[in-house]
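FYI, our numbering numbers position 58 of the sequence shown as 740, with every residue one higher than the one before it. In this text, a Cβ means the ideal position worked out from N, Cα and C, and glycines have one as well. Structure, as structure tokens:
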Amino acid sequence: MSKIYTKGGDDGTTSLLSGKRVSKYHPRVEAYGNVDELSSNIGLLRGHNISEEIKQELQCIQQTLFDIMGLLACDQGKYVDKLNPVEDSSIQFLEKSIDKMTAKLPPLANFVLPGGIIEVGMAHVCRSICRRAERRVVEFADMEPVESNIIIFINRLSDYLFTLTRKIAQDAGYEQIKTK
Numbered sequence: 683m684s685k686i687y688t689k690g691g692d693d694g695t696t697s698l699l700s701g702k703r704v705s706k707y708h709p710r711v712e713a714y715g716n717v718d719e720l721s722s723n724i725g726l727l728r729g730h731n732i733s734e735e736i737k738q739e740l741q742c743i744q745q746t747l748f749d750i751m752g753l754l755a756c757d758q759g760k761y762v763d764k765l766n767p768v769e770d771s772s773i774q775f776l777e778k779s780i781d782k783m784t785a786k787l788p789p790l791a792n793f794v795l796p797g798g799i800i801e802v803g804m805a806h807v808c809r810s811i812c813r814r815a816e817r818r819v820v821e822f823a824d825m826e827p828v829e830s831n832i833i834i835f836i837n838r839l840s841d842y843l844f845t846l847t848r849k850i851a852q853d854a855g856y857e858q859i860k861t862k
């Protein structure tokens, strides 16, 4: 691209991968837009004081989210063949990471209030954006077919992000505030 601006969206529409133009508030655009916001916030979390292992996990997650955005932006089957599907192994990656973190954490008897230190707060922001992205993707899936692994991955990711808040807090020696 020689120029970042195309002026194509000046009329309130955007192009899907097929070239078809839809409104910028179309449920498909809302779904992949929320996934984009989630990925951007995960990128912000990666820049904070967390372990290199977690940073690497988050980078892998962002790559899967990038693939999901492409799949959601694709409105015709012929383009799907050129995109990376969400494999079962991506879901298993999240589950193994959750299990590994959980094994090092004390049992959870209460919910916790988001925040405290910046890294924990940022992970909670990612978790809540993930929940919204999940709602938008599921809403869109009620209108058009969406690969089931996309929904499963995003659902599991919110569990991962919640567990991550606890792990980051533990690593930093910060005790999260429990709800009453």
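{"Check": "Could you pull the DSSP bridge partners for threonine 696 from this structure?", "Outcome": "Val704"}
{"Check": "Helix, strand or coil for lysine 782, going by three-state DSSP, please let me know.", "Outcome": "helix"}
{"Check": "Using only CA atoms, which one of Gln758, Thr746 and Ile773 lies nearest to arginine 703?", "Outcome": "Gln758"}
{"Check": "Sorted by chain position, which residues of the same chain lie with C-beta nearer than 8 Å to threonine 746's C-beta, five sequence neighbours on each side aside?", "Outcome": "Val768, Ser772 and Phe835"}
{"Check": "Looking at C-alpha atoms only, which residue of Leu846, Leu699, His708 and Gln858 is the closest neighbour of lysine 782?", "Outcome": "Leu846"}
{"Check": "Starting from valine 820, follow the alpha helix (DSSP H) in both directions and report where the run begins and ends.", "Outcome": "800-823"}
{"Check": "Just the Cα atoms here: how many angstroms apart are threonine 695 and leucine 740?", "Outcome": "31 Å"}
{"Check": "Using beta-carbon positions only, say whether isoleucine 750 and isoleucine 832 come within less than 8 Å of one another.", "Outcome": "yes"}
{"Check": "With a Cβ-Cβ cutoff of 8 Å, do asparagine 837 and glutamate 821 count as a contact?", "Outcome": "no"}
{"Check": "Sorted by chain position, which residues of the same chain lie with C-beta nearer than 8 Å to alanine 805's C-beta, five sequence neighbours on each side aside?", "Outcome": "Leu727, Leu843, Leu846, Thr847 and Ile850"}
{"Check": "Count the other C-beta atoms from every protein chain shown that fall within 10 angstroms of the C-beta of serine 721, then say buried if there are 16 or more, exposed otherwise.", "Outcome": "buried"}
{"Check": "What distance in whole Å lies between the Cβ atoms of valine 807 and alanine 713, which are believed to be in contact at a cut-off of 8 Å?", "Outcome": "The pair is not a contact, with the Cβ atoms about 19 Å apart (cut-off 8 Å)."}
{"Check": "Quick one, which of Tyr707, Asn723, Gly691 and Ala755 has its alpha-carbon nearest proline 827's?", "Outcome": "Ala755"}
{"Check": "Around the Cβ of glutamine 738, are there at least 16 other Cβ atoms within 10 angstroms (buried) or fewer (exposed)?", "Outcome": "exposed"}
{"Check": "Just reading off the alpha helix (DSSP H) that glycine 725 is part of, what are its end residues?", "Outcome": "709-728"}
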